[in-house]
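First up is the structure itself, then whatever we jot down about it.
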Amino acid sequence: MKVTELAQKAGLKAFNAIPDKEIRGVYISDMVSDIIGIREGNLLVTLQTHKNLIATANLVDVAGIVFCRGKVPAEDVVALAEKAKIGLLGFEGDTWTMAKLLVHLGLT
Amino acid sequence: MAHASAGHRRDVSASCRHRWTMTHLRPGYLVVEGCFHCRQRTSFFSTEPVPPIDDYREGDHFWTHLGDFQASVFDLRCERCGREVPLKDVLAIMLCLRCDPECGVYKAGGEPPAAGTWVYAALCANTSHVSGVCVSDTGIQALNEYFNAGLESSGKRIVVVPCRLRRSVDKCQGVVLADVGLTELY
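Chains as they are written, first to last, in the working numbering: chain X, 1 to 108; chain Z, 1001 to 1186.
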């Protein structure tokens, strides 16, 4: 599934232009020190919205990022993600609800 | 027999197109200290449950705690030949935000920067580089191979350089890949 398709099906809010990347897996974490170990193509689900997260997500080449619980990234964070061609999406519900929705949509 | 096996492993490793994976991932704290006497900076990685914050004297230095960040360190191991590259000298990785055209890290990205190229600096303990010691060439090469694996079709290229190329630790605006904002989650 592509990130754009996920955004549409899950009703996620887009904070920037969403590159049409293929989602190869899902990773849920709020720790940069944990995310640095994942491989490319994962959809990252998190509560963190700081710039360090984008710097890490770019290094491990995530497919996109979903911020849960209505978290909104700051402008400079969105600008860095835009430059890195990382789509930022927002979800009002909690992380567990997002995880269940992703499984329901066939992302495992 | 043991020598033959070791020699065989060296031969295999030399010709191997390594497929690196992270190994020995260790969580802890990146601790930064400064000496108010000579104004040098130094860093170390602490695996203690609570990072040390005590000031202390070491020879002519008076080290003061400047900050600490939750982070992780790791080594790389080749899945194909079994070779391991210890990265004990890499305390953290930092994204270059291209703030200083005279900085060596900036220059590593090219001018103008090549499309899709992102430069990261591997940070060693010797923050001020007075001794000249920094991350090993072997470590830098392995990090470049690891982070670029799988990026072939994405148009993205990661360039990892040693932090000795950084012009000024005080003026650098790079983003260190360490945990911040953990108290802002709620």
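Backbone N, C-alpha and C define an ideal beta-carbon position, used for all residues, glycine too.
| Asked | Found |
| --- | --- |
| Distance between beta carbons of residue 1131 of chain Z and residue 1089 of chain Z, contact taken as under 8 Å | Actually they are not in contact, since the Cβ atoms of residue 1089 of chain Z and residue 1131 of chain Z sit about 12 Å apart, beyond 8 Å. |
| Cβ contact check for the stretch 1160-1168 of chain Z and the stretch 1100-1114 of chain Z: 3 or more pairs under 8 Å | yes |
| Beta carbon proximity, residue 1154 of chain Z to chain X, threshold 8 Å | yes |
| Range of the contiguous beta strand (DSSP E) that encloses residue 5 of chain X | Element bounds for residue 5 of chain X: not the beta strand (DSSP E) but the alpha helix (DSSP H), 3-10. |
| is_contact[residue 1180 of chain Z, chain X] using C-beta, thresh 8 Å | yes |
| Beta-carbon gap between residue 29 of chain X and residue 1178 of chain Z smaller than 8 Å | no |
| Short CB-CB distance (under 8 Å) between residue 29 of chain X and chain A | Among the chains of the structure shown, chain A does not appear; the protein chains present are X and Z. |
| Separation of residue 25 of chain X from residue 71 of chain X, as counted between CA atoms | 22 Å |
| Residue environment, residue 1080 of chain Z, which counts as buried when at least 16 other CB atoms sit within 10 Å | exposed |
| Per-residue burial, residue 1033 of chain Z [other beta carbons within 10 Å of its own, 16 or more giving buried] | buried |
| Contact with chain X by residue 1025 of chain Z, beta-carbon distance below 8 Å | yes |
| Residue-level contact to chain Z via CB, residue 61 of chain X, 8 Å cutoff | yes |
| Within-8 Å CB hit, residue 40 of chain X to chain Z | yes |
| Length of the line joining the Cα atoms of residue 55 of chain X and residue 39 of chain X | 15 Å |
| Cβ contact check for the stretch 9-26 of chain X and the stretch 84-97 of chain X: 3 or more pairs under 8 Å | yes |
| Members of the stretch 1117-1134 of chain Z near chain X, C-beta cut-off 9 Å | 1118, 1120 |
| Beta-carbon gap between residue 1109 of chain Z and residue 1159 of chain Z smaller than 8 Å | yes |
| Beta bridge counterpart(s) of residue 1100 of chain Z as assigned by DSSP | None, per the DSSP bridge assignment. |
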